[in-house]
Amino acid sequence: MDIRVGHGYDVHRLVENRKLIIGGVEIPWELGLLGHSDADVLLHAISDAILGAAALGDIGRHFPDTDEKYKGADSLMLLKEVCAKAAEKGYRVSNIDATVIAQKPKMKDYIPKMCENVAKACGVDTDRVNIKATTEEKLGFTGRQEGISAHSVCLLIKE
Ligand SMILES: [Zn+2]
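When we follow our numbering, the leftmost residue of the sequence shown carries the number 8, and every step to the right adds one.
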């Protein structure tokens, strides 16, 4: 059995007049994430972890932000495409673990839905997806609410 680990990291700036979409969930908040797509920082980190594990580069390579096609793109669709690309190489997701770093708002209530969205996009059971949220104790850019970051690791298996 071939087992591959991958890592992903992403950051988006918080601005006014943008929706806050994390893990495919629209969270009511006064600020949203800026980006060419829907700027779903968590799904981008997860997508990069999967692409990393499959040695397929990164999402910037597959979905360039200069391409009009991806303007306002639903990152759940991009994640689905990423899983399809990994599947072409014979890999499926064994598990995903991820952390969202944000001072505000509280993510807790939205996490089960985020896990469900990710599991569905990847075609796996929800118990293979774990999402956590933390603050950085008001330190740095996340602490000052200038942006939100996300980390992820993913294990892919080929039988
Ligand atoms: Zn991103």
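Just so it is clear, CB atoms sit at the ideal spot from N, CA and C, and this is done for glycine as well.
The set of residues with any CB-heavy atom separation to ligand 1 below 5 Å comprises, in chain order, Asp17 and His51. Three or more Cβ pairs drawn from the stretch 154-161 and the stretch 54-65 lie within less than 8 Å of each other, which places the two stretches in contact.
Taking C-beta separations shorter than 8 Å and ignoring five residues to either side along the sequence, the partners of arginine 25 in its chain run Leu38, Gly39, Leu40, Leu41 and Ala46, following chain order. The stretch 102-113 and the stretch 137-150 touch, with three or more beta-carbon pairs separated by less than 8 Å. Between isoleucine 29 and valine 48 a beta carbon distance of about 7 Å is seen, short of the 8 Å cut, so the two are scored as contacting. In the same chain as lysine 96, and ignoring 5 residues on each side of it, the C-beta atoms closer than 6 Å to its own belong to Ala61, in chain order. According to the DSSP assignment, histidine 158 belongs to the beta strand (DSSP E) that extends over 154-165.
Taking the Cα positions, isoleucine 164 is about 15 Å away from histidine 14.
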